[in-house]
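This report refers to the structure that appears directly beneath it.
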Amino acid sequence: MLKPNKIILGSQSPRRVEILADAGFDVQIIKPKVAEHFPVEMNLYKIPEYLSKLKMFDVYSYLGEDNTMIITADTMVIFNNKLVGKPKNKEQALRFLSLMNGKQHHVVTGVTMRLNKLQISFSEQATVFFKDLSAEAIQQYIDNYETLDKAGAYNIQEYNGVDHIDGEFFNVMGLPLKRVLQEIRNWK
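Spelled out as structure tokens, the structure:
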């Protein structure tokens, strides 16, 4: 398939818009109106894909047609077999970053793509290794950057506590671009 020039993004994430725009797409945003609930017994690593499907169902219900590529996604941080969501306040952001300090965690992004009545879903995972930072360095990050709208309380592009990543950088940022582009190339 030829690369579509326009994508409808069912997301309010400025990072996903940035990823797609930098890849050369004209991005139209539709904010999904979904309560992000999932079955309590669900495997943590399957939740992002499940939520991306819920978002797709919602966005597609507004559009009623799918002759433009639609993409929805959800990203979650998993640390010690627990979800680390978006912090409610700076104290919780400090707690999240302090707990993960000097350790590794997983970032899973679930994606659903739809075009011309064909819909696919998948998940990509990356492992992020944090440096061992001082409490002051963590607090300085929280004081100088927006941490409340990010899963795990950090932004991969700006947090100096990241040592290295096993996996795709853009996946941690919010959208596994390599896989998305591969799926577009192979679209039937």
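Numbered by the working numbering, the letters in the sequence shown go through residues 1 to 188 in order.
Beta carbons are placed, not taken as given, at the ideal position from N, Cα and C, and that holds for glycine.
For Q28, same chain residues with a beta-carbon under 6 Å away, outside a window of 5 residues either side, are I8 in chain order.
Pairing R15 with M113 gives a Cβ-Cβ distance that is not under 7 Å.
Out of V111, L177 and F57, the CA that lies nearest to the CA of M76 is found in V111. Short of 7 Å from the beta carbon of L54, and not among the five residues preceding or following it, lie these beta carbons of its own chain, in chain order: V34.
For E36 against L51, the beta-carbon gap comes to about 5 Å, under 8 Å, which counts as contact. For V84, there is no enclosing alpha helix (DSSP H); the residue is part of the beta strand (DSSP E) that begins and ends at K82 to V84.
The DSSP-derived three-state label of Q139 is helix.
In the displayed model, F38 falls within coil according to three-state DSSP, outside both helix and strand. Residue state for E18 is assigned as helix, using DSSP reduced to three classes.
Excluding sequence positions up to five before and after D166, its CB lies within less than 6 Å of the CB of T127, all in the same chain and listed in chain order.
A distance of 7 Å or more separates the beta carbons of P39 and T109. K117 is the residue among N81, K117, L20 and N43 whose C-alpha sits nearest the C-alpha of K188.
Contact check for G152 and V84: beta-carbon distance about 5 Å, within the 8 Å limit, so the pair qualifies.
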